[in-house]
């Protein structure tokens, strides 16, 4: 009897997507699989300084990679938040911090007590005074802190900034140590089975043919397998997220090594600054319908904190998702599966989540259609909710200084996003939608930061007498401030724990 189990996995493409997929599959399924990764040393990868979200820490834990070693090898720094500058209006700034904000009390979320506090006392501090991450970010401090003393407050939740190419090299070493075989070559042909259109094999420029049971497309925007061979199709979301190009360059550090990513709105898009130990990674994401490439590059270079390193590189992209991320016996990963601009640093997480989903639903050679449909349903749900979160930043703006921002402010929104904004505006409520990535605390910070202020708070918050409400809010602030004051500076923490030496 033929063995129905998947035995041969072929990954096309390297970079972070390819090597993360290979490393996680090898770690989870080990000797059960023969894993081949094909990449060409002649084809460049997007590879820039990368910002992440806290779920990235699960990757190193699962692979057994020491966090300090990872950050030392990738010249990494700590990320506590994203700072958004000039999004609501020019001169305005707020944080999307990773930690909880305040504490719920009874059945009401913290924001209802904070909203009531603001109504009773206009001097009540802003929302971020009750966030340990936000206050540590503002003070450029960091410590690994799971909880705040003996209080019920949760501690620091953090992610990383790192050199994506070095992170990919670390994943590659781990994967190869666990038996993944790498082949250097270009794919020149893809053979499909005549009876069902499944991928049977790929042929390389060397003439070698590599057959497989499961193929994973990590070939980037081209989608060599999923689009080139299987003609899967693509759903565009550019009407909601109009940016379609980026220009990137490294620069020398400014004076401060910040523990957060900066995302500063520009006239037709936004600019990132990601601090690594040895340099800053900078990029300007923009709409080519509103700004020329030369204008975009000039804007980028005029906002660097230090001298430029190397030459600017242009990137083109199209926001959206494959009509089927898993099509027949091919699963698209990373940029081959879809693209959402990195405003909230979701790129690596979407790869990580996709590999985890594939492991959970790992098929046999029958490739059950119901399993594939469920994988695609969950993937699309995750992408759509992430898309909505990014679109919120653009739409909820008071800026009308350029045609780009006027277009964003007046665009028709996805139905779910429009409902979520109106619900919050009318009632102050935010409810998590299933297994979506971003938490109510994340949505809260962006909506408040972008100027969406609820018209009322929950009546449950009225049950606390005014004096006790003031004490409740004041105690949280005191705990947060004391915890932050006990932390070392971000640069000092790096020097002590994972300073790169090469």
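Residue numbers (our numbering): 2 to 503. Glycine included, C-beta positions come from ideal geometry on N, C-alpha and C.
Label residue i either buried or exposed according to how many other C-beta atoms from any shown protein chain fall within 10 Å of its C-beta, with 16 as the threshold for buried.
{"i": "residue 1", "result": "Given a span of 2 to 503 for the chain in the structure shown, any question on residue 1 remains unanswerable."}
{"i": "residue 345", "result": "buried"}
{"i": "residue 127", "result": "exposed"}
{"i": "residue 148", "result": "exposed"}
{"i": "residue 62", "result": "exposed"}
{"i": "residue 394", "result": "buried"}
{"i": "residue 350", "result": "buried"}
{"i": "residue 185", "result": "exposed"}
{"i": "residue 432", "result": "exposed"}
{"i": "residue 123", "result": "exposed"}
{"i": "residue 251", "result": "buried"}
{"i": "residue 491", "result": "buried"}
{"i": "residue 293", "result": "exposed"}
{"i": "residue 396", "result": "buried"}
{"i": "residue 404", "result": "exposed"}
{"i": "residue 196", "result": "exposed"}
{"i": "residue 6", "result": "exposed"}
{"i": "residue 383", "result": "buried"}
Rounded to a whole number of angstroms, what is the C-alpha to C-alpha distance between residue i and residue j?
{"i": "residue 238", "j": "residue 212", "result": "35 Å"}
{"i": "residue 135", "j": "residue 91", "result": "21 Å"}
{"i": "residue 435", "j": "residue 326", "result": "20 Å"}
{"i": "residue 446", "j": "residue 390", "result": "11 Å"}
{"i": "residue 50", "j": "residue 460", "result": "46 Å"}
{"i": "residue 170", "j": "residue 44", "result": "16 Å"}
{"i": "residue 441", "j": "residue 103", "result": "13 Å"}
{"i": "residue 73", "j": "residue 41", "result": "27 Å"}
{"i": "residue 270", "j": "residue 402", "result": "13 Å"}
{"i": "residue 232", "j": "residue 207", "result": "25 Å"}
{"i": "residue 4", "j": "residue 214", "result": "12 Å"}
{"i": "residue 465", "j": "residue 154", "result": "20 Å"}
{"i": "residue 256", "j": "residue 276", "result": "11 Å"}
{"i": "residue 358", "j": "residue 338", "result": "14 Å"}
{"i": "residue 27", "j": "residue 97", "result": "35 Å"}
{"i": "residue 111", "j": "residue 105", "result": "5 Å"}
{"i": "residue 367", "j": "residue 420", "result": "41 Å"}
{"i": "residue 504", "j": "residue 348", "result": "A query on residue 504 cannot be resolved here, the shown segment of the chain reaching from 2 to 503 and no further."}
{"i": "residue 408", "j": "residue 414", "result": "12 Å"}
{"i": "residue 495", "j": "residue 24", "result": "27 Å"}
{"i": "residue 472", "j": "residue 429", "result": "22 Å"}
{"i": "residue 469", "j": "residue 114", "result": "11 Å"}
{"i": "residue 65", "j": "residue 240", "result": "42 Å"}
Report all residues from its chain with a CB closer than 6 Å to the CB of residue i; omit the five preceding and five following residues, and keep chain order.
{"i": "residue 340", "result": "318, 320"}
{"i": "residue 210", "result": "202, 204"}
{"i": "residue 273", "result": "264, 284"}
{"i": "residue 183", "result": "38"}
{"i": "residue 69", "result": "498, 499"}
{"i": "residue 94", "result": "86"}
{"i": "residue 21", "result": "172, 352"}
{"i": "residue 119", "result": "125"}
{"i": "residue 444", "result": "431"}
{"i": "residue 222", "result": "336"}
Indicate whether residue i and residue j have their beta-carbon atoms separated by less than 8 Å.
{"i": "residue 309", "j": "residue 334", "result": "no"}
{"i": "residue 462", "j": "residue 247", "result": "no"}
{"i": "residue 242", "j": "residue 386", "result": "no"}
{"i": "residue 299", "j": "residue 287", "result": "no"}
{"i": "residue 174", "j": "residue 489", "result": "no"}
{"i": "residue 137", "j": "residue 157", "result": "yes"}
{"i": "residue 75", "j": "residue 163", "result": "yes"}
{"i": "residue 116", "j": "residue 99", "result": "no"}
{"i": "residue 160", "j": "residue 53", "result": "yes"}
{"i": "residue 314", "j": "residue 249", "result": "yes"}
{"i": "residue 260", "j": "residue 79", "result": "yes"}
{"i": "residue 58", "j": "residue 35", "result": "no"}
For residue i, I'd like the list of residues in its chain whose CB is within less than 8 Å of its CB, leaving aside the five on either flank, ordered along the chain.
{"i": "residue 190", "result": "203, 204"}
{"i": "residue 487", "result": "144"}
{"i": "residue 236", "result": "321, 322, 323, 324"}
{"i": "residue 467", "result": "121"}
{"i": "residue 31", "result": "179, 180"}
{"i": "residue 281", "result": "50, 251, 252, 253, 254, 255, 274, 275, 305, 306, 307"}
{"i": "residue 381", "result": "322, 326"}
What does a CB cutoff of less than 7 Å around residue i pick up in its chain, not counting 5 residues either side in sequence?
{"i": "residue 194", "result": "201"}
{"i": "residue 227", "result": "218, 233, 323, 328, 331, 333, 337"}
{"i": "residue 399", "result": "89, 90, 452"}
Are the region 362–374 and the region 296–313 in contact at 8 Å, needing three or more beta carbon pairs? no
Whether or not the region 254–273 and the region 70–88 are in contact is what I'm after, with contact meaning three or more pairs of Cβ atoms, one per stretch, closer than 8 Å; do they touch? yes
Would the region 12–19 and the region 370–384 be scored as touching if the rule is three or more Cβ pairs under 8 Å? no
Counting pairs of Cβ atoms below 8 Å between the region 473–491 and the region 143–157, do you hit three or more? yes
Would the region 468–482 and the region 416–433 be scored as touching if the rule is three or more Cβ pairs under 8 Å? no
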